[in-house]
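Residue numbers (UniProt numbering), protein chains in the order written: chain A, 1 to 421; chain B, 1 to 421. We put the CB at the ideal spot given by N, CA and C, even for glycine. Here the structure is a predicted model, which means the values were calculated and not measured. Notes for the one structure printed next.
There are 2 protein chains.
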Amino acid sequence: MKDLAEAEALITAMGQDARAAAVELAQAGAERKYAALIGAAYEIRKRVPEIIAANEKDMEFGRAKGLSDAMLDRLRLDDDRLRGIEDGLRAVAEQADPVGQVISEWDRPTGLHIKRVRTPIGVVGVIYESRPNVTADAGALALKAGNAVILRGGSESLHSSQAIHACMVEGLRQAKLPEKAIQLVPTRDREAVSAMLGAQGLIDVIIPRGGKGLVGLVQREARVPVFAHLEGICHVYVDRDADPEKARRVVLNAKTRRTGICGAAECLLIDWQFYTKHGAAIIEDLLAAGVEVRADGELAKLPGTVKAEADDFGREFLDSIIATKLVDGVDEAIAHIRRYGSQHTESILTQNDATADRFFNSLDSAILMRNASTQFADGGEFGMGAEIGIATGKMHARGPVGAEQLTTFKYLVTGDGTIRD
Amino acid sequence: MKDLAEAEALITAMGQDARAAAVELAQAGAERKYAALIGAAYEIRKRVPEIIAANEKDMEFGRAKGLSDAMLDRLRLDDDRLRGIEDGLRAVAEQADPVGQVISEWDRPTGLHIKRVRTPIGVVGVIYESRPNVTADAGALALKAGNAVILRGGSESLHSSQAIHACMVEGLRQAKLPEKAIQLVPTRDREAVSAMLGAQGLIDVIIPRGGKGLVGLVQREARVPVFAHLEGICHVYVDRDADPEKARRVVLNAKTRRTGICGAAECLLIDWQFYTKHGAAIIEDLLAAGVEVRADGELAKLPGTVKAEADDFGREFLDSIIATKLVDGVDEAIAHIRRYGSQHTESILTQNDATADRFFNSLDSAILMRNASTQFADGGEFGMGAEIGIATGKMHARGPVGAEQLTTFKYLVTGDGTIRD
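Below, the structure written as C-alpha cells:
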C-alpha cells in the first residue's frame with residue numbers, strides 16, 4: 001500500500017462490509033452469537049500447531065527487527081497462552097447477552113407504553129499493539145454486544161493475529177453469522193490506522209489498546225469517538241483515621257501485586273497526623289519489597305528513600321517505583337489528586353465515614369475506592385466479565401468497558417392509535 | 001472582538017470559570033439547585049417590564065436588520081411567554097435530582113461493594129438561535145444535572161438573553177451557588193461559536209439548538225462531543241395489518257398537529273395490500289386538511305396530489321407537505337427508512353405483533369413507535385420532564401435529552417482493607 005488514499009479505500013470497503021454485517025448481527029439471537037464464540041474457541045484448540053507456526057514467523061520477524069525481550073515475550077504464543085485465549089472466548093460466550101435487555105419501561109397517562117432497550121453501537125474499531133490475544137478478546141466482546149468489529153493489530157503480530165482471526169471467522173461461519181462481522185486489517189502499513197481514525201459514519205467508536213504513544217495518537221487524531229484511558233496515575237491516600245494494619249496491607253498490594261497494569265498505585269499520599277502517630281511502617285514495607293520510594297519533604301529523610309523530583313508526581317511509572325508525600329488531611333489529598341491524577345482510580349484508607357464521603361463526592365475519577373487496593377480496577381474483578389479496556393472519558397463508557405458498555409439504546413413506544421392533543 | 005484569537009481567549013477564561021464552578025456544583029446538594037431555580041423563576045416574574053424593554057431593543061434591531069415575520073415572532077417576548085419561562089423553571093426545579101442516584105450496586109466475593117452513581121458531566125456548551133427562552137430552559141436543565149453551562153444565544157436576541165440570564169444569576173446568588181455556573185457569552189461575534197467548538201478540555205459536550213445550518217456546522221466543526229439531531233425525517237408506515245381507523249387518525253395527527261417540530265411526519269409509506277383493501281381515505285384526509293401530498297407511482301394518480309420528485313424522499317419539510325409512496329410490506333418499508341431516514345422517530349401502524357417486532361428490531365432510530373403519532377417524540381411526553389433537545393447519535397445520549405442524560409457516572413468501591421490476590 002503506497003499512500004493514505006489506498007488505505008482509505010481499504011478501510012472504506014471494510015467499513016461498508018462491517019456496516020452490512022452489523023445490520024445482520026443486530027438481529028441475530030443470543031444463541032448464534034454464543035455458538036460463534038464457542039465455535040471459535042473450539043477452532044483455536046484444533047489449530048494450536050498452525051497458530052504456533054504462524055507465531056514463530058512473527059517471532060523471527062521480531063528478532064530480526066531487534067525487538068526487546070519484553071516485547072518478544074508479549075508477542076510469544078504457546079500452548080498455555082492459547083489455552084488462555086480459548087478460555088477467554090468461552091467466558092465471554094457464557095456472559096449474559098446485553099442486546100435487547102430492557103433498561104427501563106413505564107406507562108404514560110396518554111396510554112403509551114415506553115421501553116428503553118439495549119442495542120448494539122454498530123461498528124467498533126480496535127487498534128492494538130503486539131499482544132495477539134487481543135484479536136480474540138476484542139473480537140469476542142464486540143460480537144457479544146452485537147457489533148461488527150474492525151481489528152488493526154500490531155505489525156509485529158500480523159501472522160499470529162491472522163491465524164487467530166481465521167478461527168473467529170470459522171466460528172461465525174459455523175453459526176451462520178456474517179463473516180465480515182469480525183475483520184482484521186490485512187496490512188502492516190501505518191496509514192490504515194489514520195484511515196480508521198477518520199472513518200466517520202463507518203466506524204462508530206475506536207478503542208485503542210496499548211501504550212501511551214498509541215493512545216495519545218488516537219485521542220489526538222480520531223474524528224470518531226474514542227473509549228480509552230491515556231494513563232492510570234492511581235493514588236492511594238492514607239487518612240488520619242486509617243486503620244494502620246489495613247493501610248499497610250492495601251498500600252503494599254496496590255503498588256507491588258503487579259506494577260505494569262494501569263490500576264497499579266503510582267502515588268502515595270499520607271496524612272501527617274497519621275504519620276506522626278503511626279510512623280513509617282508503610283514506607284518500610286515498600287522498601288523491603290524492593291520498591292524505589294521517591295519521597296518529598298519530611299519523608300525524604302527516611303533511610304532508603306530517594307528524593308522526589310517535581311515531575312515524579314503525576315507520573316505513571318508502571319514499574320517498581322512510587323512517589324510519596326505528606327498532606328494535611330483529605331482536602332489537601334483531594335487537591336493533589338485533582339491536579340495530578342488521570343481520573344482512573346484512587347483509593348482512600350479511612351475508618352471515618354464522613355471523610356470517605358468527602359473523598360467520594362469531591363473527586364471525579366472513573367473509580368473511587370475505600371479501604372481497597374487499586375489493583376481491583378478491572379472488569380473481571382468488578383464482576384462484569386471480560387473487558388476491552390478501562391475508559392476515563394466522561395462520555396458513554398467509563399471504568400471497565402465490557403460488553404454492556406459496547407451497547408447503546410433505543411426507545412420502543414407502543415400505543416393504540418394514540419395521537420397527541 | 002477582532003479575531004478568533006480574542007474569541008478563544010474569552011472562551012478559555014469562561015471555560016476555566018465554568019470548570020471551577022462545576023467543581024462546586026458537583027457537591028451542591030439538591031436543595032440549593034432547587035432554590036436557585038425557584039429563585040430565578042421569581043426574578044423573571046419580578047422583572048417582566050425590564051425583560052420586555054430589553055426584548056424591545058432586540059426587536060428594533062431585528063426589524064432594522066430585516067428579519068422575517070416568522071423570525072421576529074420567535075424573538076418576541078410578552079407576558080404570556082415570560083409566564084411560560086417561569087413555569088418551565090419551576091417544572092425543572094420540581095423534577096427529581098439525578099446527581100448521586102445509585103444506578104446499580106452489587107457485592108463481590110472478594111468482599112468489595114460496588115456502586116455505580118450518577119455524576120454531572122461537567123461543563124455543557126449550548127449554542128442556539130433566536131428564541132431567548134432557551135437561555136432559561138437550557139441553563140435550568142444543565143444546572144439540575146449539576147453542570148456548569150456556557151450559553152451562546154443568537155445575536156438577534158442578545159439583550160433579551162442578557163435580561164433572562166441576569167435572573168438566573170440572581171437565583172444562583174440567592175442559593176449561594178457560584179454565579180459562574182451559568183454564563184452567557186457577552187458578544188454578538190461569530191468567532192465565539194468557533195472557539196466553543198474547539199474548547200476541548202474546557203467544554204465536555206456541546207448542544208446546538210436551531211436549524212439545520214447551525215446543527216450541521218456544529219457537527220462538522222466540533223472537536224468536543226455533540227448531542228444533536230441534524231434532521232427529523234420521521235416516517236409513518238401503514239402496514240397491511242393496520243386498523244384503518246387508527247391509521248387515519250395517527251397519520252393525520254403525525255403530519256398536521258404541528259408541522260414545524262422535529263417529530264412531525266415527513267414521509268408516509270403505505271403497504272399496497274392495505275391500499276388495495278382500504279383505499280385512499282388516509283390521503284384524502286391529508287388533502288382535506290390542506291397538506292400538499294407529494295405522491296410517487298400509483299398514488300400520484302389520486303386527484304389533488306402532486307407528483308413527487310426523487311429528492312422529496314429523505315427531506316425534512318417542516319411544513320404542511322408530505323412525501324408518500326406504496327411499498328410491498330414491512331421489509332420494503334424498513335429498507336426505505338434505512339436509506340432515507342435520519343434515525344429520529346418512525347412509527348408503524350399494525351395490529352400484527354410479529355410485524356411490529358420486525359420493525360422494532362430492524363431499525364435503529366432513537367425512537368420507534370407502534371400505533372402512535374410521531375408527534376409524541378418529546379421529553380415531556382416521555383415523562384422525562386423538560387428536554388434540551390433530541391439526539392440521534394449513538395453515543396451517550398439518544399432521544400429526548402433531559403437532566404438525566406446530562407449526567408455521567410462513577411464507580412464507588414468499598415472494602416475493608418481488601419487486597420487482590
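> So, helix, strand or coil for Ala157(A), using DSSP?
Replying inline: Sequence check: residue 157(A) is Ser here, not Ala. Note: Ser157(A) maps to helix in three-state DSSP.
> Hey, Asp189(B) and Ala7(B): beta-carbon distance below 9 Å or not?
Replying inline: If you check the CB distance, Asp189(B) and Ala7(B) come in under 9 Å.
> Roughly how many whole angstroms lie between the Cα atoms of Gly39(B) and Glu179(B)?
Replying inline: Rounded to the nearest angstrom, the two C-alpha atoms are 13 Å apart.
>> Can you tell me where the beta strand (DSSP E) holding residue 462(A) begins and where it ends?
In response: Residue coverage of chain A in this structure runs from 1 to 421, which leaves residue 462(A) outside it and unanswerable.
> For the segment 116-168 of chain A, which segments carrying the alpha helix (DSSP H) assignment without a break, of at least 4 residues, lie completely within its bounds, in sequence order?
Replying inline: Counting only unbroken stretches of 4 or more residues, the alpha helix (DSSP H) elements lying wholly within the segment 116-168 of chain A are 134-144, in sequence order.
>> Using a Cβ-Cβ cutoff of less than 7 Å, which residues in the same chain neighbour Ala26(A) once the five nearest sequence positions on both sides are dropped?
In response: Closer than 7 Å at Cβ, skipping near neighbours: Thr119, Pro120 and Gly146.
> Is the distance from the Cβ of Glu94(B) to the Cβ of Tyr237(B) below 9 Å?
Replying inline: No. Outside cutoff.
> In three-state DSSP terms, what is Met1(A)?
Replying inline: Unreliable placement is indicated for Met1(A), whose pLDDT of 48 sits below 50; the coordinate value is still reported in the next sentence. The answer is coil: DSSP assigns Met1(A) none of H, G, I, E or B.
> Is residue 424(A) close to chain B, meaning its C-beta is less than 9 Å from at least one C-beta of that chain?
Replying inline: Residue coverage of chain A in this structure runs from 1 to 421, which leaves residue 424(A) outside it and unanswerable.
> Are the C-beta atoms of Phe409(B) and some chain A residue less than 9 Å apart?
Replying inline: True, the Cβ-Cβ gap to chain A drops below 9 Å.
> Does residue 425(A) get closer than 9 Å to chain B when you measure Cβ to Cβ?
Replying inline: The structure shown does not extend to residue 425(A), since chain A spans only 1 to 421, so no value can be given for it.
> Whose Cβ in chain D lies nearer than 8 Å to the Cβ of Pro225(B)?
Replying inline: Note that chain D does not occur in the displayed structure, where the protein chains are A and B.
> Should the segment 77-94 of chain A be called in touch with the segment 382-399 of chain A, which here means at least 3 C-beta pairs below 8 Å?
Replying inline: Taking 8 Å as the limit for Cβ pairs, the verdict is that the segment 382-399 of chain A does touch the segment 77-94 of chain A.
>> Taking DSSP's pairing of strands, which residues face His113(A) in a bridge?
In response: Bridge partners of His113(A): Asp107(A) and Thr414(A).
> If the cut is a Cβ gap below 9 Å, which residues of chain B does Ala372(A) touch?
Replying inline: Neighbours of Ala372(A) in chain B, taken as residues whose beta carbon is under 9 Å from its own, are Thr110, Gly111, Leu112, Val413, Thr414, Gly415, Asp416, Gly417, Thr418, Ile419 and Arg420 in chain order.
> In whole angstroms, what is the alpha-carbon distance linking Val102(B) and Arg370(A)?
Replying inline: Straight across, the Cα-Cα distance linking Val102(B) with Arg370(A) is about 17 Å.
> If you measure beta-carbon to beta-carbon, which residues of the segment 310-338 of chain B are closer than 7 Å to chain A?
Replying inline: Residues of the segment 310-338 of chain B with a C-beta atom less than 7 Å from some C-beta of chain A do not occur.
> Could you give the distance in angstroms between the alpha-carbon of Val92(B) and the alpha-carbon of Glu105(A)?
Replying inline: Val92(B) and Glu105(A): Cα-Cα distance of roughly 22 Å.
>> Let me check one thing: in DSSP terms, what residues is Leu268(A) bridge-paired to?
In response: When DSSP reads this structure, Leu268(A) sits in a beta bridge with Val236(A) and Thr324(A).
> In its own chain, which residues sit with a C-beta less than 8 Å from the C-beta of Arg47(B), not counting the 5 before and 5 after it?
Replying inline: Taken in chain order, the residues that qualify are Ala163, Ala166 and Cys167.
> Does Lys180(B) come within less than 9 Å of chain A when only Cβ atoms are used?
Replying inline: So no, Lys180(B) is outside the interface.
>> Taking 8 Å as the cut-off, is the beta-carbon of Leu269(A) closer than that to any non-hydrogen atom of the ligand GDP?
In response: Questions concerning the ligand GDP fall outside what the structure shown contains, since it holds no ligand whatsoever.
> Can the beta-carbon of Phe317(A) be found closer than 9 Å to that of Glu266(A)?
Replying inline: Yes; because the gap between Cβ atoms is below 9 Å, this pair is in contact.
>> For a cutoff of 9 Å on Cβ pairs, would you count Val250(B) as touching chain A?
In response: Chain A contact via Cβ: present.
> When we look at the beta-carbon of Gln183(A) and count the other beta-carbons within 10 Å, is it buried (16 or more) or exposed?
Replying inline: Burial of Gln183(A) is indicated by the presence of at least 16 other C-beta atoms within 10 angstroms of its C-beta.
> From this set, Ala199(B), Val226(B), Leu349(B) and Ser362(B), which residue's C-alpha is nearest Asp331(B)'s C-alpha?
Replying inline: Ranking Ala199(B), Val226(B), Leu349(B) and Ser362(B) by Cα distance to Asp331(B) puts Ser362(B) first.
> Any residues in the segment 111-143 of chain A with a beta carbon nearer than 7 Å to a beta carbon of chain B? Which ones, in chain order?
Replying inline: Those would be Leu112, Ile114, Thr119, Ile121 and Gly122, in chain order.
>> For chain A, check one thing: does any of its Cβ atoms lie closer than 9 Å to the Cβ of Asn253(B)?
In response: For Asn253(B), the nearest CB of chain A lies under 9 Å from its own CB, placing it at the interface with that chain.
> Using 8 Å as the Cβ pair cut-off and three pairs as the minimum, do the segment 68-80 of chain B and the segment 105-116 of chain B touch?
Replying inline: Contact between the segment 68-80 of chain B and the segment 105-116 of chain B is absent, because fewer than three Cβ pairs lie under 8 Å.
>> What would DSSP say about Leu349(A), mapped onto helix, strand or coil?
In response: Strand, per DSSP.
> Per the contact definition of three or more C-beta pairs closer than 8 Å, is the segment 341-360 of chain A in contact with the segment 215-234 of chain A?
Replying inline: Flag = yes, the segment 215-234 of chain A and the segment 341-360 of chain A touch.
> Between the segment 15-34 of chain B and the segment 207-218 of chain B, do at least 3 Cβ pairs fall closer than 8 Å?
Replying inline: Taking 8 Å as the limit for Cβ pairs, the verdict is that the segment 207-218 of chain B does not touch the segment 15-34 of chain B.
> At least one CB of chain B closer than 9 Å to the CB of Asp241(A): is that the case?
Replying inline: With 9 Å as the cut-off, Asp241(A) does not count as an interface residue toward chain B.
>> Residues of chain B with CB closer than 8 Å to the CB of Lys246(A), please, in chain order.
In response: Here the neighbours are Asp416 and Gly417.
> To which residues of the same chain is Leu202(B) closer than 6 Å at the C-beta, ignoring the five residues directly before and after it?
Replying inline: Correct list, in chain order: Gly15.
> Does DSSP put Gln174(A) in a helix, a strand or coil?
Replying inline: Helix.
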